[in-house]
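Shown next, in structure tokens, is the structure this report addresses.
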Amino acid sequence: MRCNPALERLGIIGFGAIGSRLARFFASGEHGPKTSAILVRDHQLSSARAVVPEATVCTNFEEFLEASPSVVAECASANTLATLGPLLLEAGCDVVPLSLGAFADERQQLRFYGAAASGPGRLEIPAGALGSIGFLAGAREHELEKVTVTVAYPTKRWKSMGALQFVDLDQVLVPKAFLEASAREVARLFPGHLNVVTGAGLAGLGLDRTQVVLVADPTITQAWFQIEAISGSGPITIRVDGRNAAVDEDPIDHTAFSVIRLLKRRCASVAI
Numbered sequence: 003m004r005c006n007p008a009l010e011r012l013g014i015i016g017f018g019a020i021g022s023r024l025a026r027f028f029a030s031g032e033h034g035p036k037t038s039a040i041l042v043r044d045h046q047l048s049s050a051r052a053v054v055p056e057a058t059v060c061t062n063f064e065e066f067l068e069a070s071p072s073v074v075a076e077c078a079s080a081n082t083l084a085t086l087g088p089l090l091l092e093a094g095c096d097v098v099p100l101s102l103g104a105f106a107d108e109r110q111q112l113r114f115y116g117a118a119a120s121g122p123g124r125l126e127i128p129a130g131a132l133g134s135i136g137f138l139a140g141a142r143e144h145e146l147e148k149v150t151v152t153v154a155y156p157t158k159r160w161k162s163m164g165a166l167q168f169v170d171l172d173q174v175l176v177p178k179a180f181l182e183a184s185a186r187e188v189a190r191l192f193p194g195h196l197n198v199v200t201g202a203g204l205a206g207l208g209l210d211r212t213q214v215v216l217v218a219d220p221t222i223t224q225a226w227f228q229i230e231a232i233s234g235s236g237p238i239t240i241r242v243d244g245r246n247a248a249v250d251e252d253p254i255d256h257t258a259f260s261v262i263r264l265l266k267r268r269c270a271s272v273a274i
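Following the working numbering, the numbering of the sequence shown begins with 3 at its first residue and continues without gaps.
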């Protein structure tokens, strides 16, 4: 049964590029759940109120909960998700998490899954920058054997992400694979950066059995992601490229749009 659009209330935690985009899109409630509450930092109060003046905009979690959001999009950080996620589920809010690095810690992952099992809220994992992870979840139902995720970023971007401990990026003149590890290990080594890897792991074979290859590429300006999988139905390959933009420019990736789709789908009469 679909949710009643008139009763769906969207809460947003975080007001960066993605959180603010979601707040604007759902400000009126015309396209899905109406933005009813936004949890922000002190310096974001005025800008968030300007976007959604009718919503509860606050810096206090208790005040955020008092606005009674039915679904909450977490767009803040892995630490924020780890702290507030289980509390939201216990309070009856469905949670759409973007900071999937919180699941890198296996104990934290089990805590989340336990909280979701107890409810009444549930976790809804979005596809994020991959655009779609449903094919992995489907393949899991029929002998999914192997999943490899390749992630390529410009060398300049890798520098800001801490990759210098693995490779001398100034010496990388052609695309170079510099690390191969499990999705869990990669999420631990690059907290807050490679949520796409964690999403693929959660959808498919799990974080420990999903293999990841990290590539530094001086010839590109935006990231690309590729998933290769083997299942009983045959081989699967999917690749997602970022648009051509300056390295420091917001690539407007698929992350925000995957959340928009998920939230609209909750209220849609025809769900795709």
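Just so it is clear, CB atoms sit at the ideal spot from N, CA and C, and this is done for glycine as well.
These numbers were taken from a predicted model, which means no experiment stands behind them.
Range of the contiguous beta strand (DSSP E) that encloses residue i
i	result
A39	K36 to L41
Q213	Q213 to A218
R142	Looking at the DSSP string, R142 is not in any beta strand (DSSP E), and its letter there is neither H nor E.
Contact belief for residue i with residue j at Cβ below 8 angstroms, rounded distance in angstroms
i	j	result
T152	V215	5 angstroms
A66	G13	The residue asked about is misnamed: residue 66 is Phe in this sequence, not Ala. That pair is a contact at about 6 angstroms.
S10	R268	Position check: residue 10 holds Glu in this sequence, whereas Ser was assumed. With 8 angstroms as the limit, E10 and R268 qualify as a contact, their Cβ atoms being about 7 angstroms apart.
P99	I127	7 angstroms
K161	L171	6 angstroms
L1	A75	Outside the shown range of the chain (3 to 274) lies residue 1, about which nothing can therefore be said.
L209	A189	7 angstroms
G206	R142	6 angstroms
R109	A118	Contact flag wrong, Cβ pair sits at about 15 angstroms.
Residues that DSSP places opposite residue i in a beta bridge
i	result
P237	I232
V188	DSSP, once it has assigned bridges, lists no residue as partnering V188.
T152	V215 and Q228
R11	K36
E92	None; E92 has no bridge partner.
E182	V215
Start and end residues, alpha helix (DSSP H) containing residue i
i	result
P99	No alpha helix (DSSP H) holds P99; the beta strand (DSSP E) holding it covers D96 to P99.
C269	H256 to C269
E126	That residue, E126, is in no alpha helix (DSSP H); it is neither H nor E in DSSP.
R245	That residue, R245, is in no alpha helix (DSSP H); it is neither H nor E in DSSP.
S162	T157 to S162
V198	N197 to A205
L24	A19 to F27
Review point. Between the segment 149-168 and the segment 220-233, are three or more C-beta pairs nearer than 8 angstroms?
Key: yes
Review point. Counting Cβ pairs, one atom from each stretch, are 3 or more of them under 8 angstroms apart for the segment 99-109 and the segment 40-58?
Key: no
Review point. On the three-pair Cβ rule with 8 angstroms, is the segment 89-104 touching the segment 193-212?
Key: yes
Point to revise | Entirely enclosed alpha helix (DSSP H) segments - the segment 51-88, minimum 4 residues | key: 63-68
Check your understanding: Is the segment 83-98 touching the segment 173-184, taking contact as three or more C-beta pairs under 8 angstroms?
Key -> no
Exercise for review: Examine the Cβ distances between the segment 33-41 and the segment 56-71 and report whether three or more of them are shorter than 8 angstroms.
Suggested key: yes
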